[in-house]
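What follows is a short report on a single structure.
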Amino acid sequence: MMFWRSVVGKLWFTILLLVSFVLFILSVLLMEFFENFYQEEIENELTKTASRVVNIISEHEDTSTALTIASELLGDQTKIVLIEDERKLYSSELSIETGLSPSFFKEDPLLKQVFTKRKTVKAEMRLPIKNKDNQDISAIVVGLPLELDGKKDVIYFYQSLESREETIHSTTKFIFLAAGVAIILTTIFAFFLSTRITAPLRKMREAAFEVARGRFDTKVPILTHDEIGELATAFNQMGRQLKYNINALNQEKENLSSILSSMADGVITFNNDGTILVTNPPADRFLQNWYYEKGFIHEKQHSVPSVLMNLFNRSGEMQNEQVGEITLQGHDWVLIVSPLYNNESIRGAVAILRDMTEERKLDKLRKDFIANVSHELRTPISMLQGYSEAIIDDIAGSEEENKEMAKIIYDESLRMGRLVNDLLNLARMEAGHITLSYEKIDMDPYLNRITNKFHGLSKEKDITIKTRTEESELTWELDPDRIEQVLTNLIDNAIRHTPAGGEVEVIQWTDPVKGLVLSVRDSGSGIPEEDLAFVFERFYKADKARTRGSGTGLGLAIAKNIIMAHDGYISVNSMLEKGTTFTFNIPRKLQENE
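Position one of the sequence shown corresponds to residue 310 (the numbering used here), numbered consecutively onward.
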């Protein structure tokens, strides 16, 4: 089957078909030519011979002797029949005595004209004489009128056409022989063409498959300078051009990937069915927050959020980009969805996710900073002023009351001092003046020591506090005092906002990319979504009443700067009435010679 589908098979079959058709037409023409030519030759020769024999018989008195001599001279091919009225006077063929009767010649419409009209007749017909195959022979018959002894006789000459049929049969064998030679020559020619034509084509096919596998350096050898050679040259040029185009596309793809990765805005490209095609890191953070808030924490992020699909459907109806907003885990996102077209149909969309949290946060902080600072300083200053005036005016009735008022003035001054020190420390950290003292720390005893400090407070509030580590013998290089400050702040906040019967858990594990990861998880009241974006800012307090003794509101801001000084990142996830989780990572510290 493969041979018939190949170029050689098709060419071989076409040439054979053409040769067979030509030989068939030639055979038909030759057969017709030989048949007509042979018949005319026999008729002419037989007519001439018959005229001579008639002359000989007319000149001799002994008719029987003349006929015998004439029959001997004519040979075995030509036979003579002499008929007088209703009887046959002479026949040169003894075996036809019962076959050729006078009535046969007189009843035939053509031959009887010799009797009736006394004219010469020539015809090809079947004679009732059996050949070796027991069939009537086909012969040329010539009839002439003859007058012997005053009687009107008729003499017939006939010659069998078996020799013509043998000639035609020989010619047919010759044509078949020629056809066999043509088939052999055609086959040899076809296989010769296979080496000259199909061999380069097979190499091109193999090279094409190699190019389809991505091997664009594949080249076809140029063996000739004909059309096949030009085809090989064009194929090699095509391979080079494909390699250039693929390299250009890969470079453009890398450039696009680099641009997307470096963009501050999130980018999501998706199909009509909601399948995500391309994302960048900001978009991944958006999807992570979306799935976390919707409760699909362990789901793979392959489907587009419904808020984007709604904007996409609206953009398809309006035929322009659509803008929307959404708040996720304390982050304010502006969503811009633009449809992507394939000719005239929409094949998908590209969504731009712009995190406006920082801008709105800065705007809010700008408005709240003066209020926060004035509120934090006004209360202790007012108390200092009031109790100082009371002491000056001798309002106290006893020495104990004077000491009590002085103690209040002292506590408020300490509180102001802590506030100022925290502000100074935070300012130095944000200015990059923080100094870290790295040490190799065994994490398991280190974390247990920190949590043990809160066992008394946790028992007092009926809260369970525990530590869970994935690697019990893990050693990490960090600043133990600073990280202890971070963990102390996070655990203290967790205990303070967890009701009785709740749980606080410190979790430690490692990540191949992030390094050491620590989480402080509680089952407390959670943080309102609108406040999540501000928990690491100055003066943020979960206690909106800002009661005394609730802290300065700078602890998480300081913690954030300590983690950033370790080249890490701190984040928070929270849901109301379900709890809050603070997570930060510390990458492995590179050696100085690295």
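By construction, the Cβ of each residue, glycine as well, lies at the ideal position given by its N, Cα and C atoms.
| Item | Value |
| --- | --- |
| Proximal residues to R791 (C-beta, below 6 Å), its chain only, five neighbours per side dropped | I871 |
| K918, enclosing alpha helix (DSSP H) - first and last residue | An answer regarding residue 918 cannot be provided, because it is not within the stretch 310 to 903 covered by the chain. |
| Local conformation of H534 per DSSP, three classes | coil |
| Check: E456 C-beta below 6 Å from any heavy atom of the ligand FAD | Judged by which ligands are present, the structure shown has none, so any question about the ligand FAD falls away. |
| Straight-line gap, T773 to G810 (C-alpha atoms, nearest Å) | 7 Å |
| Nearest candidate by alpha-carbon position, reference E814, set L825, V822, S832 | S832 |
| Cβ separation of Q638 and E838, assumed to be a contact under 8 Å, to the nearest whole Å | 7 Å |
| Nearest residue (CA-CA) to E475, options S447, P754, A491, L327 | S447 |
| Alpha helix (DSSP H) segments (min. 4 residues) lying fully within the stretch 702-785 | 708-739, 752-761, 764-769 |
| Three-way DSSP call (helix, strand, coil) for S360 in this model | helix |
| Local conformation of A375 per DSSP, three classes | helix |
| Whole-angstrom C-beta distance between E748 and E786, which should lie under 8 Å | 7 Å |
| Coil, strand or helix - D593 by DSSP | helix |
| Per-residue DSSP class, three states only, for R663 | strand |
| N- and C-terminal bounds of the beta strand (DSSP E) containing E812 | 812-820 |
| Residue span of the alpha helix (DSSP H) that contains P614, given as start and end | Note, P614: premise wrong, no alpha helix (DSSP H); not H, not E. |
| Neighbourhood of F621 by C-beta distance below 6 Å, restricted to the same chain and skipping five residues each side | V646, A658 |
| Cβ pair count under 8 Å reaching 3, the stretch 540-549 against the stretch 560-568 | no |
| Cutoff 8 Å; reference L470; Cβ partners in own chain excluding five residues on either side | Y347, Q348, I351, E433, I446, S447, A448, I449 |
| Stretch pair the stretch 625-645 + the stretch 588-601: three plus CB contacts closer than 8 Å | yes |
| Selection from S624, R524, G538 that minimises the alpha carbon distance to P530 | G538 |
| 8 Å contact criterion, which T666 and A842 should meet: CB distance rounded | 5 Å |
| Burial state of F414, where buried means 16 or more other Cβ atoms lie within 10 Å | buried |
| Residues near G877 by beta carbon distance below 7 Å, same chain, minus five either side | F893, N894, I895, P896 |
| Residue-level contact to chain D via CB, L355, 7 Å cutoff | Note that chain D does not occur in the displayed structure, where there is just one protein chain. |
| Close beta carbons around N440, own chain, < 6 Å, minus the five adjacent residues each side | I446 |
| At least three beta-carbon pairs within less than 8 Å, the stretch 355-362 to the stretch 521-530 | no |
| Three-state class that DSSP yields for I585 in the structure shown | strand |
| N589 to V576 span [Cα, whole Å] | 6 Å |
| Straight-line gap, T578 to A660 (C-alpha atoms, nearest Å) | 6 Å |
| Start and end residues, beta strand (DSSP E) containing E634 | 631-637 |
| Identity of the residue in T784, P808, G604, P614 nearest D593 by Cα | P614 |
| Among N353, D801, G726, the one whose alpha carbon lies nearest that of N761 | D801 |
| Distance between S329 and F498 (C-alpha atoms, nearest Å) | 16 Å |
| CB of M884 within 7 Å of CB of G835, strictly | yes |
| Continuous alpha helix (DSSP H) stretch holding E529: start and end | Note that residue 529 corresponds to Val in the displayed sequence, not to Glu. Where V529 is concerned, there is no enclosing alpha helix (DSSP H), given that its DSSP letter is neither H nor E. |
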